[in-house]
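Heads up, the sequence shown is in this note's numbering, so the first residue is -3 and it goes up one at a time.
Yeah, the Cβ is synthetic: ideal placement off N, Cα and C, and Gly gets one too.
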Amino acid sequence: MTPLHGFLFGVYPYICLTVFLLGSLIRFDRDQYTWKSDSSQLLRSGLLRWGSNLFHVGILFLFFGHLLGLLTPHAFYSHFLEAPVKQKIAIYSGGAFGVLCFIGLSMLIYRRVFDPRIRYTSHRTDLAILVILWAQLVIGLITLPFSWAHSDGSVMLILADWAQRILTLRAVNAEALAAVPWPYLFHIVLGMTIFLLFPFSRLVHVWSGFASVGYLFRPYQVVRSRRLGLPGKPSVNR
């Protein structure tokens, strides 16, 4: 194991998570007017409707699939779901939704690059983050043949143990990832880099999307008439 490998998988994750959490909090506290998705729908809808829907459906499934797949301890599902079966479910479902996300994201990038009106009103970070997400998605799709070759779930368990140790702040064995095929390693490093860039990009609006679930549990708005204390109109005697 090289020092670079030890840094990328033993230290870099904590740096990215710290910047991700503290950076998001500081941006919300200091620059709330920049806390938005900067939608360009009003300029031209066109490809946005299909591209955005395909991208968001795909990325949400992939996000929660990775979240549950990596962070759920094996002991929780080993009694009813074997690791090879879980691996194949991840391959089929991840591949299907990954293709949907790839199509939608490619449409969004094409729109940003080749539509002059959208390009001139876009920030550089808007296109940059889309390209980074596209590269991350492509690398994720490249891992599918490697996942099929390791359909026994062994690599999946190694990655899950590493991710769970990062999240619970336990000692990380970065050397265990040395035998993992290179697409997984690239996918992990670029994924952590996205978390690092998260507070400095339009991705912060994802927090608001999750927070909107709170509206389902808010009490109803209570509207009361305003009493100004003005004297009433005198009655008219007839």
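By the neighbour-count criterion, in which a residue is buried when 16 or more other Cβ atoms sit within 10 angstroms of its Cβ, Asp122 is buried. Tyr29 is classed as exposed because its beta carbon has fewer than 16 other beta carbons within 10 Å across all chains shown. Taking C-alpha positions only, Ser89 is separated from His146 by approximately 17 angstroms.
Between the C-alpha atoms of Ile154 and Gly54 there is a straight-line separation of about 25 angstroms. Scanning its chain for C-beta atoms nearer than 7 angstroms, with the 5 sequence neighbours on each side dropped, one finds around Ala159 the residues Leu66 and Leu67, in chain order. Judged by pairs of C-beta atoms under 8 angstroms, the stretch 71 to 91 does not touch the stretch 113 to 133, as fewer than three such pairs exist. Across the set Trp31, Ile11 and Gly136, the C-alpha of Gly136 shows the shortest separation from the C-alpha of Gly94. Exposed is the label assigned to Pro141, since fewer than 16 other Cβ atoms lie within 10 Å of its Cβ. In this structure, the straight-line span from the alpha carbon of Ile125 to that of Leu199 is close to 8 angstroms. An exposed status is given to Val7, since fewer than 16 other beta-carbon atoms sit within 10 Å of its beta-carbon.
Secondary structure at Ala167: coil, using DSSP grouped into helix, strand and coil. For the options Ala172, Leu129 and Arg161, the alpha carbon positioned closest to that of His183 is the one of Leu129. Here the alpha carbons of Phe3 and Thr164 stand approximately 18 angstroms from one another. Short of 8 angstroms from the beta carbon of Ser20, and not among the five residues preceding or following it, lie these beta carbons of its own chain, in chain order: Phe194, Pro195, Val200 and Trp203. Each of Met188, Gly205 and Ser197 was checked against the Cα of Cys12, and the nearest Cα belongs to Met188.
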